[in-house]
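Chemist: Quick one: the structure is below, questions incoming.
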Amino acid sequence: MKKEKAIDMTKIPKTPHVRICMGLAKNCVCAQQKHGVPNDGSAMIQREQDTRSCEGELREFYFDGKIHRDPAEGPARTLYCNRAQSKLCLITYLWKGRLHRDPEVGPACIAHDAQTGVVVHEQYYWKGKEHRLNGPALIERDATSGSVTAEFYMQHGKLHREVAPAEIYYDIGRLMVTAVGYYNRGRAHRVNGPAYMKWDRNGELTGEAYYRNGVLHRDDGPAKIAYDQRGDIAFLELWRNGALIDYYAPEPTYWPVVRPGVMKNER
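Position 263 of the sequence shown, counted from 1, bears residue number 1423 in the working numbering, the numbering being contiguous throughout.
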């Protein structure tokens, strides 16, 4: 894949405008301060006040009416959940109003849990689209342990990964994969195997689906298969090029109990 063209940072002046909001509400106490000295030698400060008390603090850098800051200088938007304790909630890097940061340097969007401070969300952007070549573009973590709960591999805003699954879900309690999905340029796709697979907490396969170029398709068998708790087939469907051909739901070899002492086949 061709190398991404870098943005010329010299074409836009240094960020001259910072907006600071004290609080999370829309009408919280806000202050705007223009950095640098205009032609007349004065600095401009505008304030909008509200009587409500605020706990958070939002800092935003603006240029030409859009949230903007050179990613090399730092994030364009920083949200503190608690101003007194300096607890971070959200950090975002934006260029001309679009989420943007070199994926090789770090994520463009970082979210922290307000209580634990754990990073629960990391998202990589390039020119406003989720994008990362060497790793997942979106990572989600448990707020308590910090363990990864889901990963999404994306390029140019679309789920995409060669050979391996593009979306992966984890059971953090058992340290195991619970579901995967294979994508090619935003469409569910896999040639040699199911594009979707899901497992229960015991590691038993509960369902699988075969996709080709975004539609359900399988030449040599059912495209959708679901399994019951015993591992027997609960139902299956035959699909060709996105069209349902036939389906099959076998009679169960046992009947689950509706209530103690009463079986479904005893009605």
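Yeah, the Cβ is synthetic: ideal placement off N, Cα and C, and Gly gets one too.
Tell me whether the beta-carbon of G1346 lies closer than 9 Å to the beta-carbon of L1319.
Modeler: Yes, Cβ-Cβ distance for G1346 and L1319 is below 9 Å.
Chemist: With H, G and I counted as helix, E and B as strand and the rest as coil, what does DSSP make of R1400?
Modeler: strand
Chemist: Taking only the alpha-carbon atoms, compute the straight-line gap between Y1222 and R1229 and give it to the nearest angstrom.
Modeler: 7 Å
Chemist: So, for Y1240: in the same chain, excluding its five sequence neighbours on each side, which residues have a beta-carbon less than 7 Å away from its beta-carbon?
Modeler: G1216, E1217, S1246, K1247, L1248 and C1249
Chemist: What residues in its chain sit with their C-beta under 7 Å from that of A1297, if we drop five residues either side in the sequence?
Modeler: Q1283, Y1284, E1290, H1291, F1312, Y1313 and M1314
Chemist: Determine the DSSP secondary structure at K1287, reduced to helix, strand or coil.
Modeler: Correct three-state label for K1287: coil.
Chemist: Check for me: the beta strand (DSSP E) holding E1327 runs from which residue to which?
Modeler: E1327 to D1331
Chemist: Less than 9 Å between the beta carbons of V1340 and P1325, yes or no?
Modeler: yes
Chemist: Nearest CA to the CA of H1278: which residue from I1405, R1301, I1328 and A1409?
Modeler: A small fix is needed here, since residue 1278 is Val in this sequence, not His. Comparing Cα positions, the closest option is R1301.
Chemist: Between which two residues does the beta strand (DSSP E) carrying G1257 extend?
Modeler: No beta strand (DSSP E) holds G1257; DSSP gives it neither H nor E.
Chemist: Based on the DSSP output, what are the partners of V1279 in its beta bridges?
Modeler: H1272
Chemist: Got a sec: does the ligand FMN put a non-hydrogen atom nearer than 8 Å to the Cβ of H1316?
Modeler: What this structure holds is no ligand at all, so the ligand FMN is not there to describe.
Chemist: Should D1273 go down as buried or exposed, given a rule of 16 or more other Cβ atoms within 10 Å for buried?
Modeler: buried
Chemist: Could you please give the first and the last residue of the uninterrupted beta strand (DSSP E) stretch that includes G1234?
Modeler: Premise fails: G1234 is in no beta strand (DSSP E) and is neither H nor E.
Chemist: Relative to the C-alpha of W1359, which candidate in Y1253, D1380, Y1329 and L1376 has its C-alpha closest?
Modeler: The closest CA to that of W1359, considering only Y1253, D1380, Y1329 and L1376, is found on Y1329.
Chemist: Can you tell me the Cβ-Cβ gap for G1391 and E1368, rounded? I've got them flagged as a contact below 8 Å.
Modeler: Not really, about 13 Å apart at Cβ, beyond 8 Å.
Chemist: Hey, could you find the ends of the beta strand (DSSP E) R1219 is sitting in?
Modeler: E1217 to F1223
Chemist: What residue range does the beta strand (DSSP E) around G1367 cover?
Modeler: L1365 to A1369
Chemist: K1226 and G1257 look like a contact to me (Cβ under 8 Å); what is the Cβ gap, rounded to whole Å?
Modeler: 4 Å
Chemist: Only counting the same chain, and skipping five residues up and downstream in sequence, which positions put a Cβ closer than 6 Å to that of T1338?
Modeler: Counting only residues of its own chain and dropping the five nearest sequence neighbours on each side, T1338 has a CB closer than 6 Å to the CB of Y1329, D1331 and W1359.
Chemist: Please look up how many angstroms separate the CB atoms of E1220 and A1232, rounded, as I've assumed it's under 8 Å.
Modeler: E1220 to A1232, Cβ: 18 Å. No contact.
Chemist: What does a CB cutoff of less than 6 Å around T1238 pick up in its chain, not counting 5 residues either side in sequence?
Modeler: R1219 and I1251
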